[in-house]
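To get the working numbering, take the position in the sequence shown, counting from 1, and add 469.
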Amino acid sequence: MKTNTNYKNRKSGFSLVEVLVSLIIVTVIISAVLPMLSSSMRRAQQNKFEINELSGVQNELEEEMFVSSVGQSYIVNIALESESISLSGELITKNYADWKRVDLFLRNR
């Protein structure tokens, strides 16, 4: 009779080996997910920086577009199958965020 009660008491919980195996599995999963989370957070921070830089560039371009005309004058010829279109205007260039550039062509009105 004693062996049956010991068997019942022993089966009611987890053994030390089972707990250790589950901890190892959880550790492996966390170690696989953590680098991905870190890189995605780094990329999100970089995107936030670029968005802020582009917002500043957009404000500067809008000021130049509506306040003054400081760009270089160009004539652009577009050749289509049936006709040719000629546009004249100014090219305004702004640099931002690690050697990136925005070019804006403003057509003469």
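From the three backbone atoms N, C-alpha and C, an ideal C-beta is built for every residue, glycine too.
By the criterion of at least three beta-carbon pairs nearer than 8 angstroms, the stretch 563-574 is in contact with the stretch 520-532.
Beta-bridge annotation (DSSP): Lys-517 is not paired with any residue. The straight-line gap separating the alpha-carbon atoms of Val-486 and Ile-493 is approximately 11 angstroms. Every beta strand (DSSP E) stretch that sits fully inside the stretch 534-577 and reaches 3 residues is listed by chain position as 541-548, 553-565 and 569-576.
The Cβ atoms of Ile-544 and Ile-554 do not sit closer than 8 angstroms to each other.
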